[in-house]
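Undergrad:
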Amino acid sequence: MVQNGKNPDPNDVNTQDGIVKALYESLSFTTGSQPDFDRFKTLFREQALLVPPKSDKASPLHQIEVDLWVKKTVEHIVLDGMERKGGHVTEVARRTSKFGVIVQIFSTFELRVKVNDPVPAQRGIYSIQLMRDNQRWWIISLMWEFERADLPIPRAYLI
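Per this note's numbering: the sequence shown = residues 818 to 976.
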């Protein structure tokens with residue numbers, strides 16, 4: 818099945834590890850470039866939803882479709898000057914629960930501007946819901962939260 822006009826790389830969608838690895842690789846980018854959003858889109862089932870963190874405690878939670886999130890993220894990367902710096906997102910820990918064709922993954926991540934930066938610019942947790950269908954894995958939804966002073970990542974999600 819073709820998703821978003823492009824066939825996925827079978828290595829990206831044949832296994833749970835493959836789709837999580839592809840998610841991180843597609844979001845990472847070097848100086849002067851953007852994330853690989855074409856690859857990113859092939860990981861998601863049609864009508865999948867992304868739920869970014871709330872901008873503040875009082876704001877409502879928003880769900881957004883993949884294409885709209887990509888459009889807003891491209892603009893954000895340009896306007897914030899991230900395109901001139903790059904960004905490397907890496908997984909540091911994972912917790913997985915599975916039942917039948919349904920998988921829930923809590924994936925702790927770190928964002929560094931340069932791969933070898935000693936301290937991450939940001940950390941957080943992705944909540945990734947996967948489904949196995951048509952001989953491949955699909956991301957059905959992706960929700961995430963950033964670590965803050967008042968919301969440290971629990972130790973259990975760092976090992």
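Glycine included, C-beta positions come from ideal geometry on N, C-alpha and C.
Here the structure is a predicted model, which means the values were calculated and not measured.
Rounded to the nearest angstrom, how far is the Cβ of Lys871 from that of Leu878, given a contact under 8 Å?
TA: The distance from the Cβ of Lys871 to that of Leu878 is about 6 Å, consistent with a contact at the 8 Å cut-off.
Undergrad: Between the alpha carbons of Asp884 and Val930, how many angstroms are there, rounded?
TA: 24 Å
Undergrad: Just checking: is the beta-carbon of Leu947 within a distance shorter than 8 Å of some beta-carbon in chain B?
TA: The chain labelled as chain B is not found in the depicted structure, where only one protein chain is given.
Undergrad: Around the C-beta of Phe857, are 16 or more other C-beta atoms found within 10 angstroms, so that it is buried, or is it exposed?
TA: buried
Undergrad: From the DSSP output, read off the bridge partner residues of Thr925.
TA: Ala910 and Ile942
Undergrad: Sorted by chain position, which residues of the same chain lie with C-beta nearer than 7 Å to Gly904's C-beta, five sequence neighbours on each side aside?
TA: Ser845, Phe846, Leu928 and Val930.
Undergrad: To the nearest angstrom, how far is the alpha carbon of Ser958 from that of Phe861?
TA: 8 Å
Undergrad: Quick check: Tyr841 and Glu908, are their CB atoms within less than 8 Å of each other?
TA: Using a Cβ distance threshold of 8 Å, Tyr841 and Glu908 count as a contacting pair.
Undergrad: Anyone know if the C-beta pair for Arg940 and Phe923 falls short of 8 Å?
TA: no
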